[in-house]
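The structure appears below as structure tokens.
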Amino acid sequence: MTAGKNKRVVKGKKTKKTVDSFAKKEWFDCIAPAPFSKRKTDAFTKTPINKTAGTKLSTEALKGRVFEVPAAELMNDKEMGHQLVKLTVADAKHEGKRALCVFGGLRFSTDMLRSLVKKSHTLVTSRINVKSADGFAIRVFTLAVTKRRALQVKKTTYAHKSQVLKINAKTKDIINKTCSSSPINDFVEKVVTGTLGNEIQKACASVYPLQKVHICKIKVLKIPKEVGGAIAH
Numbered sequence: 037m038t039a040g041k042n043k044r045v046v047k048g049k050k051t052k053k054t055v056d057s058f059a060k061k062e063w064f065d066c067i068a069p070a071p072f073s074k075r076k077t078d079a080f081t082k083t084p085i086n087k088t089a090g091t092k093l094s095t096e097a098l099k100g101r102v103f104e105v106p107a108a109e110l111m112n113d114k115e116m117g118h119q120l121v122k123l124t125v126a127d128a129k130h131e132g133k134r135a136l137c138v139f140g141g142l143r144f145s146t147d148m149l150r151s152l153v154k155k156s157h158t159l160v161t162s163r164i165n166v167k168s169a170d171g172f173a174i175r176v177f178t179l180a181v182t183k184r185r186a187l188q189v190k191k192t193t194y195a196h197k198s199q200v201l202k203i204n205a206k207t208k209d210i211i212n213k214t215c216s217s218s219p220i221n222d223f224v225e226k227v228v229t230g231t232l233g234n235e236i237q238k239a240c241a242s243v244y245p246l247q248k249v250h251i252c253k254i255k256v257l258k259i260p261k262e263v264g265g266a267i268a269h
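Going by this note's numbering, the letters in the sequence shown line up with residues 37 to 269, in that order.
And the structure:
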């Protein structure tokens, strides 16, 4: 049987060429928007992308890429480690190899969410669709737990349904007013630092005392076409 005529008979040894997969790629610095970037030149990470070939531009292929980074790394604060921030590439500059990101979402880690649930307490949750002043359509999820009153004798700390509805109404009203009157970056800063949660907690204290109110999740429904003020220039 002649070698090479039959597929079963191997004619010599075939050697594959070792090609470096990163030889045709270039690296871009990912710049986070405010308040996560103190200096506009600081990059929170680097990302590879295929080099421009023909009509396929590397800057266009990079748009829409999503990164999930702990807020503790972005804000240099260990207490924010339970908050995971999503950043989406909105624009890329070939000069300087920079990928400019916008806010793409936020969520709490699973262990943090589980630690908030307590026995004999009422878990108050709500969600609301709002739109920021610069056109970002977002869905905000809140979570709060009832708090024992001073000198309380009763073992359980349950809120009535009417009280839960009042708390939800006040929560949605504060979030709607805050988000609609401020750009997305300012709103996110209030959420991450806990300022908005403290404001809701104080407003709802007259209805029923609450432990710290958490904005546990923010889902971005729509990013406007023009995001000039929301990216790091």
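Glycine included, every Cβ here is placed at the ideal spot set by N, Cα and C.
Legend entry - Straight-line gap, Val55 to Gly100 (C-alpha atoms, nearest Å): For the purposes of this step, residue 55 is identified with residue 19 of the sequence shown, where counting begins at 1. For the purposes of this step, residue 100 is identified with residue 64 of the sequence shown, where counting begins at 1. Answer to the nearest angstrom: the Cα atoms are 28 Å apart.
Inset, instruction - Measure the alpha-carbon distance for Val189 versus Asp78 and round it to whole angstroms. - result: Walking along the sequence shown from the start, residue 189 turns up at place 153. Walking along the sequence shown from the start, residue 78 turns up at place 42. For the pair Val189 and Asp78, the Cα-to-Cα distance works out to about 54 Å.
Inset, instruction - Give, in chain order, every unbroken run of the beta strand (DSSP E) that is at least 3 residues long and sits entirely within the stretch 116 to 149. - result: As for any beta strand (DSSP E) of minimum length 3 sitting wholly inside the stretch 116 to 149, the runs are 119 to 129 and 134 to 144, ordered along the chain.
Inset, instruction - Look at Leu142 and Val227 and say whether their C-beta atoms are less than 8 Å apart. - result: Taking the sequence shown and counting its residues from 1, the one referred to as residue 142 is at position 106. Taking the sequence shown and counting its residues from 1, the one referred to as residue 227 is at position 191. Against a cut-off of 8 Å, the Cβ pair of Val227 and Leu142 comes out as a contact.
Legend entry - Delimiting residues of the beta strand (DSSP E) encompassing Ser162: By one-based count along the sequence shown, residue 162 stands at place 126. Per DSSP, Ser162 belongs to the beta strand (DSSP E) from Leu159 to Lys167.
Legend entry - Segments of 4+ residues assigned as alpha helix (DSSP H) that fall wholly inside the stretch 210 to 255: The stretch 210 to 255 is shown to contain whole alpha helix (DSSP H) runs of 4 or more residues at 220 to 229 and 231 to 240, in chain order.
Inset, instruction - Would you mind stating whether Thr178 and Thr207 have Cβ atoms separated by less than 8 Å? - result: Start at 1 with the first residue of the sequence shown, and residue 178 comes out as number 142. Start at 1 with the first residue of the sequence shown, and residue 207 comes out as number 171. Taking 8 Å as the Cβ cut-off, Thr178 and Thr207 qualify as a contacting pair.
Legend entry - Three-pair Cβ contact test at 8 Å for the stretch 126 to 133 versus the stretch 158 to 170: No, they do not touch.
Inset, instruction - Leaving aside the five residues before and after Glu235 along the sequence, list all residues of the same chain whose C-beta is less than 7 Å from its C-beta, in chain order. - result: Start at 1 with the first residue of the sequence shown, and residue 235 comes out as number 199. Within the same chain, Glu235 has close Cβ partners Ile210.
Inset, instruction - For Ala68, name the three-state secondary structure that DSSP assigns. - result: For the purposes of this step, residue 68 is taken as residue 32 along the sequence shown, with counting starting at 1. Correct three-state label for Ala68: coil.
Inset, instruction - Give the secondary structure of Glu262 by DSSP, where H, G and I count as helix, E and B as strand, and everything else as coil. - result: Residue mapping note: residue 262 aligns to position 226 of the sequence shown, counting from 1. Secondary structure of Glu262 (DSSP, three-state): coil.
Inset, instruction - Note down the Cα distance separating Glu115 from Phe144, rounded to an integer number of angstroms. - result: For the purposes of this step, residue 115 is taken as residue 79 along the sequence shown, with counting starting at 1. For the purposes of this step, residue 144 is taken as residue 108 along the sequence shown, with counting starting at 1. Answer to the nearest angstrom: the Cα atoms are 13 Å apart.
Inset, instruction - Would you give the residue range spanned by the alpha helix (DSSP H) that Ala97 belongs to? - result: Here residue 97 refers to the residue found at position 61 of the sequence shown. Per DSSP, Ala97 belongs to the alpha helix (DSSP H) from Ser94 to Leu98.
Legend entry - Leu110, enclosing alpha helix (DSSP H) - first and last residue: By 1-based counting over the sequence shown, the position of residue 110 is 74. Here the alpha helix (DSSP H) through Leu110 covers Ala107 to Met111.
Legend entry - Nearest-angstrom Cβ-Cβ length linking Ile203 and Val256, presumed shorter than 8 Å: Here the question's residue 203 lines up with position 167 in the sequence shown. Here the question's residue 256 lines up with position 220 in the sequence shown. Actually they are not in contact, since the Cβ atoms of Ile203 and Val256 sit about 25 Å apart, beyond 8 Å.
Inset, instruction - Can you say whether Ala205 is buried or exposed, counting buried as having 16 or more other CB atoms within 10 angstroms of its CB? - result: The sequence position of residue 205 within the sequence shown is 169, counting from 1. Under this definition Ala205 is an exposed residue.
Inset, instruction - Assign Leu187 to buried or exposed, taking buried as 16 or more other Cβ atoms, counted over all protein chains shown, within 10 Å of its Cβ. - result: Position 151 of the sequence shown, counted from the first residue, corresponds to residue 187. Counting Cβ neighbours within 10 Å, Leu187 comes out exposed, since fewer than 16 surround it.
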